[in-house]
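Down below is the structure, laid out as structure tokens.
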Amino acid sequence: MDTHSRGHSRAHDLVSSLTQHILLGTFQPGDKLPSENTLVREHGVSRTVVREALSKLQASGLVEPRHGIGTFVIERQAQAGLRVAAENAASVRDLLELRIGLEGQAAALAALRRSDEHLKRMRQALDDYQDLAAAGDSCIEPDRRFHLLIAEATGNLYFTEMMMQLGNGMIPRNRMALNERSGANLARHAYLANLEHEAILNAIRRKDPDAARAAICLHLSNSRDRLLPD
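In my numbering, the protein residues as written are 3 to 232.
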């Protein structure tokens, strides 16, 4: 690979990394991105690569430079795209069928590409999930975070974009009408779901893509059956 190609590849990797952080909310609108010096040091790239990456982020409408101050995350403009309204049994079933295909591939890629930092953040999400479940509180935020982290660990920003498009519909159990939950014991369901989360994380930790794919497909299939028993 020639010098130009390596530089372009590194800029692409940096763009992907920063985009993931912005989409996942690590950097919020109004936040200042790390300085050029910090990005050079943390990512082991040249200033030219950093400037190319920041230019691409600006072109994507994610950041804006402020002369003499730095580069800041801006509010994303609403875009027409996938509309998800998982608020009844039929739409929840349809959404979970979509997620089985999407997240099965994401989990397999995450198992091959995840970093130690990804594992640490996934572990924290599941610990937070367990703490909330034990207290009888809603586990929706750490549940959603765990699934988004799997998408992030693929290194492919389109997986994260697709998951972000699903929005709150990603975790539909609290959006269904009570009479459509079939008397579901949500506390019991949360407990079972977290056992399945642990199996997913273990497969990703072992770098076993087939096991990761199988574990997340089983989890989503079980989620469908728990919410929508025949």
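Virtual Cβ for every residue (Gly too), placed ideally from N, Cα, C.
Quick caveat, the model's predicted, so the values are computed rather than measured.
In whole angstroms, give me the CA-to-CA distance for residue i and residue j.
i, j, result
"GLN30", "HIS23", "9 Å"
"ALA192", "GLY103", "22 Å"
"VAL47", "LEU64", "21 Å"
"GLU28", "MET124", "Sequence inspection shows Thr at residue 28; the Glu mentioned does not correspond to that position. Their backbone Cα atoms lie some 14 Å apart in a straight line."
"ASP139", "HIS120", "25 Å"
"PRO36", "GLU44", "10 Å"
"ALA127", "GLU99", "24 Å"
"LEU229", "HIS199", "17 Å"
"VAL51", "LEU220", "41 Å"
"ARG53", "THR162", "24 Å"
"GLY32", "ARG78", "11 Å"
"ARG95", "ARG190", "20 Å"
"ARG116", "LEU151", "10 Å"
"THR40", "LEU26", "21 Å"
"LEU194", "ALA61", "44 Å"
"MET178", "GLY157", "Low confidence applies here, because MET178 scores a pLDDT of 43, under 50, leaving its location unreliable; read the following figure in that light. Their backbone Cα atoms lie some 32 Å apart in a straight line."
Just verifying my parser: in three-state terms, what is the DSSP assignment at residue i?
i, result
"VAL51", "helix"
"PRO144", "helix"
"ARG68", "strand"
"THR156", "coil"
"PHE74", "strand"
Under 8 Å between C-beta atoms, does residue i make it to chain B?
i, result
"ILE152", "Protein chains in the displayed structure number just one, and chain B is not present."
Since residue i contacts residue j with CB under 8 Å, what's their CB separation in whole angstroms?
i, j, result
"ASP210", "ALA113", "6 Å"
"ALA135", "ASN196", "7 Å"
"PHE148", "TYR131", "7 Å"
"GLU66", "ARG49", "At roughly 19 Å, the Cβ-Cβ gap does not stay under 8 Å, so GLU66 and ARG49 are not in contact."
"ALA13", "LYS58", "7 Å"
"ARG101", "LEU222", "5 Å"
### Task
Just list the alpha helix (DSSP H) runs in the stretch 185-226, keeping only unbroken ones of 4 residues or longer that don't cross its boundaries, in chain order.
188-207
### Task
Evaluate the contact criterion for the stretch 154-170 versus the stretch 65-75: three or more CB pairs, one atom per stretch, below 8 Å.
Between the stretch 154-170 and the stretch 65-75 there are fewer than three inter-stretch CB-CB distances shorter than 8 Å, so the stretches are not counted as touching.
### Message
Which complete alpha helix (DSSP H) runs does the stretch 102-143 hold, if anything under 4 residues is left out?
### Response
The qualifying runs are 118-136.
### Task
State whether the stretch 99-114 contacts the stretch 212-223, with contact taken as three or more CB pairs (one from each stretch) at a distance under 8 Å.
yes
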